[in-house]
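These protein sequences, in sequence, are chains A and B.
Going by the working numbering, 789 is the number at position 139 of the first sequence; the sequence numbering is gapless.
Going by the working numbering, 785 is the number at position 135 of the second sequence; the sequence numbering is gapless.
Data first, discussion second: the structure below is written as structure tokens.
Protein chains: 2
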Amino acid sequence: MRIRDAEPADWPAIWPFFRTITAAGDTYAYPRDLTSEQGREGWMLSAPGRTVVAVDEDGTVLGSAKMNPNQGGGGSHVASASYMVAPEHAGRGIGRALGEHTLAWARAEGYRGMQFNAVVEANVRAVALWRSLGFEVIGTVPEGFRLPDGSYTGLHVMYQAL
Amino acid sequence: MRIRDAEPADWPAIWPFFRTITAAGDTYAYPRDLTSEQGREGWMLSAPGRTVVAVDEDGTVLGSAKMNPNQGGGGSHVASASYMVAPEHAGRGIGRALGEHTLAWARAEGYRGMQFNAVVEANVRAVALWRSLGFEVIGTVPEGFRLPDGSYTGLHVMYQAL
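Right, dumping it as structure tokens:
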């Protein structure tokens with residue numbers, strides 16, 4: 651597996667798992683009915699943001715990440731990032747590799763920290779992964795996320811200094 | 651003073667203080683060099699968001715607020731809001747009135763909470779105002795905001811259940 655910059659031509663390979671993940675509605679605070687065009691606009695970033703894909707030896711897209719300044723102006727020295735891994739390729743360390751890649755990018759770009767604004771508390775594997783990469787929960791919006799079954803869980807703000 | 655829905659024709663009256671506040675760079679994590687067009691696009695919201703103006707008896711625009719869902723999908727039951735008061739009208743309770751108005755709107759629209767994502771810790775008057783309206787600091791991004799003098803201050807995440 652390697653990680654490279656995403657190109658416009660990669661979107662048709664990202665969209666199937668992007669759609670599956672957003673439609674499931676249990677891990678991302680995105681509308682569940684995003685169209686391909688809306689998804690593409692939100693995910694495929696240009697500078698100062700960046701979008702990458704993780705691909706295997708034969709070029710199959712396994713996952714993707716986007717990274718960007720989390721705020722503008724006086725807040726633009728803190729980066730943020732988002733990640734999606736194709737469900738059929740879960741458990742292969744792709745999320746971890748993408749996480750490490752985005753942290754390396756943020757350090758190289760001179761960001762002083764990385765912040766995730768909305769990590770679903772019930773998504774315990776993601777929370778554990780980000781903790782293992784150095785992030786801490788610095789606050790939780792109580793009942794900030796409604797799961798598809800109608801129950802509520804917290805939305806973590808996670809952060810690490812770089 | 652009364653608070654009413656903003657109309658497109660209000661933007662020329664909002665822009666002077668919007669520009670002053672964003673160019674100062676000490677209270678908002680917005681780019682400091684936003685154009686009028688960029689400011690208008692970001693501030694003048696349509697449904698499900700909403701933008702209001704506070705006006706005095708002769709129609710002078712004293713301040714403005716925008717309000718919107720803070721996240722999409724499973725996070726769309728938590729509102730957010732932003733406020734700007736013309737500096738020459740500070741100290742008249744306009745920020746407080748706008749804050750109360752947005753909270754009433756959020757309750758009426760059925761939101762379960764209101765969240766501010768990025769309140770500058772050094773903006774002690776704003777932090778005190780939001781506390782007095784029921785918000786609590788639920789987390790702080792350490793050194794999340796760079797002040798114009800080059801020093802760093804925290805960025806608070808503030809929240810209250812509705």
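Quick reminder that beta carbons are idealized off the backbone N, C-alpha and C, glycines included.
{"Item": "Residues of chain B with CB closer than 9 Å to the CB of A:Glu-793, please, in chain order.", "Value": "His-727, Val-728, Arg-762, Gly-763, Ala-811"}
{"Item": "Answer with buried or exposed for A:Arg-796, where buried requires no fewer than 16 other C-beta atoms within 10 angstroms of its C-beta.", "Value": "buried"}
{"Item": "Determine whether the Cβ of A:Asn-767 lies closer than 9 Å to any Cβ atom of chain B.", "Value": "yes"}
{"Item": "Please list the residues of the region 673–688 of chain A that have a C-beta atom closer than 8 Å to any C-beta atom in chain B, keeping them in chain order.", "Value": "Gly-675, Asp-676, Tyr-678, Ala-679, Tyr-680, Pro-681, Arg-682"}
{"Item": "In chain order, what residues of the same chain lie with their CB nearer than 6 Å to the CB of A:Gly-689, ignoring the 5 residues before and after it?", "Value": "Phe-668"}
{"Item": "What are the boundary residues of the alpha helix (DSSP H) that A:Phe-785 is part of?", "Value": "Where A:Phe-785 is concerned, there is no enclosing alpha helix (DSSP H), given that its DSSP letter is neither H nor E."}
{"Item": "Could you give the first and the last residue of the continuous alpha helix (DSSP H) run that contains B:Pro-798?", "Value": "Segment: none, B:Pro-798 is in no alpha helix (DSSP H) and carries neither H nor E."}
{"Item": "Assess, as a yes-or-no matter, whether the region 799–806 of chain A is touched by the region 674–690 of chain B under the definition of 3 or more beta carbon pairs within less than 8 Å.", "Value": "no"}
{"Item": "Taking any Cβ of chain A, which residues in the region 773–802 of chain B have a Cβ under 9 Å from it, in chain order?", "Value": "Val-787, Ile-788, Gly-789, Thr-790, Val-791, Pro-792, Glu-793, Gly-794, Phe-795, Arg-796, Leu-797, Pro-798, Tyr-802"}
{"Item": "At least one CB of chain A closer than 9 Å to the CB of B:Leu-805: is that the case?", "Value": "yes"}
{"Item": "Could you tell me whether the Cβ of A:Gly-699 comes closer than 9 Å to any Cβ of chain E?", "Value": "Checking the listed chains, one finds no chain E in this structure; the protein chains it contains are A and B."}
{"Item": "For my contact list, A:Gly-723 and B:Pro-681 are in at a C-beta cut-off of 8 Å; report their separation, rounded to the angstrom.", "Value": "5 Å"}
{"Item": "For A:Gly-724, would you say it is in contact with chain B, using Cβ-to-Cβ distances shorter than 9 Å as the test?", "Value": "yes"}
{"Item": "Beta carbon of A:Ala-729, beta carbon of A:Pro-737: below 9 Å?", "Value": "no"}
{"Item": "Using the Cα positions of B:Ala-656 and B:Val-735, report the straight-line distance between them to the nearest angstrom.", "Value": "14 Å"}
{"Item": "So what does A:Pro-719 bridge to, in DSSP terms?", "Value": "A:Ala-729"}
{"Item": "Three or more beta-carbon pairs under 8 Å between the region 658–666 of chain A and the region 748–760 of chain A, yes or no?", "Value": "no"}
{"Item": "Mind checking which residues open and close the alpha helix (DSSP H) that includes A:Arg-746?", "Value": "744–758"}
{"Item": "Judging by CA-CA distance, which residue of A:Phe-766, A:Tyr-733, A:Ser-726, A:Gly-741 is the nearest neighbour of A:Glu-759?", "Value": "A:Ser-726"}
{"Item": "Is B:Ser-732 buried or exposed, if buried means 16 or more other CB atoms sit within 10 Å of its CB?", "Value": "buried"}
{"Item": "Within 10 angstroms of the Cβ of B:Thr-672, are there 16 or more other Cβ atoms? Answer buried if so, exposed if not.", "Value": "buried"}
{"Item": "I need the boundaries of the alpha helix (DSSP H) containing B:Thr-670, first residue and last residue.", "Value": "661–674"}
{"Item": "At least one CB of chain A closer than 9 Å to the CB of B:Val-702: is that the case?", "Value": "no"}
{"Item": "Kindly confirm or deny that the region 767–783 of chain A and the region 694–714 of chain B touch, where touching means at least three C-beta pairs closer than 8 Å.", "Value": "no"}
{"Item": "Between which two residues does the beta strand (DSSP E) containing B:Arg-652 stretch?", "Value": "652–655"}
{"Item": "For B:Val-705 and chain A, any beta-carbon pair shorter than 9 Å?", "Value": "no"}
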